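Number 51 in UniProt numbering belongs to position 51 of the sequence shown; there are no gaps in the numbering. Heads up, the beta-carbon is just placed ideally off N, CA and C, and yes, glycines get one too. Just so you know, these numbers come straight off a predicted model, no measurement behind them. Some notes on the structure that comes next.
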Amino acid sequence: MTDSNVRAEAMPDNPSEHYRLKPPLTNPRRYYLIKLRELVQYAKTTFIDPLTKAGQIKLADFGCGTKPYVSLFPANQVQYIGIDLDWNPHADVYIGSDSRIDMADNQVDVVLSTQVLEHVEDPEGYLKEACRILKPGGLLLLTTHGYWMYHPDPTDFWRWTSAGLQKIVARNGFEIVAFRGIIGRSAMGLQLFQDGFLFKIPRWLWPPFVLVMQASISLFDKTTSQQTKDKDACTFLVVGRKL
């Protein structure tokens, strides 16, 4: 790992203060980040907490970045393993140049993947690797975009419909056990309007504009049922069990 390739983004001294967990009021992604945190918490409460009753489990955060959700998982219950490319100093295990994780088969109980799949050039290869390192019957908890603006980090390749995402996960070694969407069409339309307009106004107007827009997005999102969001949404959670 060379100095020029080290990930610039730093982890906060207190992981519970990560901006993805506590976004500032004027963050233009505030409502989305809150709903994403709630989605991860739902996945933890529903699928991970029951596993920890039998003892500590191993969880691999595949594409961990700065490990934004590590503080949600108590260390005495979850051994949290960050997996990423070799330029990320926050990772515990690295992905080789052949896209293979430096880990043996059948090692972890849970693979967590939050907003990574859309950035992966070969999503089917990524899912196969997640399946490989999972123990038999292990769980994949994956979130990725339905709608969102182009956001390379460093690349951005894919968006999914609800049916398409379930199909690609199912054909790579998983049984779908749960599926859930956040932020419906009308709210997401406002988010895209905000993002399209934000850079056209003076910087000093950003805070009040973002406050109004984020409040409007929250209000409009309340008009969309969960059943509708599960079919058509900004972001989806898919839970798959290794076959």
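| Item | Value |
| --- | --- |
| Of the residues L198, V120, I81, A75, the one placed nearest L134, counting alpha carbons only | I81 |
| Enclosing beta strand (DSSP E) for K242 [first to last residue] | 235-242 |
| Run of the alpha helix (DSSP H) containing F197, from where it starts to where it stops | 185-198 |
| Exposed unless 16 or more other CB atoms sit within 10 angstroms - verdict on D98 | exposed |
| Which listed residue (M213, Q166, W87, T144) has its alpha carbon closest to that of L39 | T144 |
| DSSP bridge partner residues for Q79 (one or two, in chain order) | K58 |
| V212, buried or exposed, once every other Cβ within 10 Å from all chains shown has been counted against 16 | exposed |
| Presumed contact (8 Å Cβ cut-off) between M11 and K67, rounded CB distance | 7 Å |
| DSSP three-state assignment for A163, whether helix, strand or coil | helix |
| Sufficient close CB pairs (3 or more, under 8 Å) joining the segment 16-23 to the segment 42-54 | no |
| Same chain, Cβ closer than 7 Å to A233, five either side skipped, listed in chain order | G146, G181, I182, I183, G184 |
| Where the alpha helix (DSSP H) through A178 begins and ends | No alpha helix (DSSP H) contains A178, which is instead part of the beta strand (DSSP E) from 174-182. |
| N- and C-terminal bounds of the beta strand (DSSP E) containing D109 | 108-114 |
| Limits of the unbroken alpha helix (DSSP H) element including K35 | 30-43 |
| Where G240 falls, given that 16 or more other Cβ within 10 Å makes a residue buried | buried |
| V212 - DSSP class collapsed to helix/strand/coil | helix |
| Cβ-Cβ separation, Y150 to T114 (assumed contact under 8 Å), whole Å | T114 to Y150, Cβ: 19 Å. No contact. |
| Close beta carbons around F220, own chain, < 7 Å, minus the five adjacent residues each side | S186, A187, L190 |
| Candidates F174, I95, P28: closest to A60 by CA position | I95 |
| Sub-8 Å separation of F179 and L140 beta-carbons | no |
| Nearest-angstrom Cα separation, counted from K167 out to Q194 | 32 Å |
| Neighbourhood of I101 by C-beta distance below 7 Å, restricted to the same chain and skipping five residues each side | I83, V93, I95, E129, I133 |
| For H145: DSSP bridge partner residues | T235 |
| Reduced DSSP category for I133 - H, G, I as helix; E, B as strand; rest coil | helix |
| Minimum C-alpha distance to I217 - residue among T161, P74, I34 | I34 |
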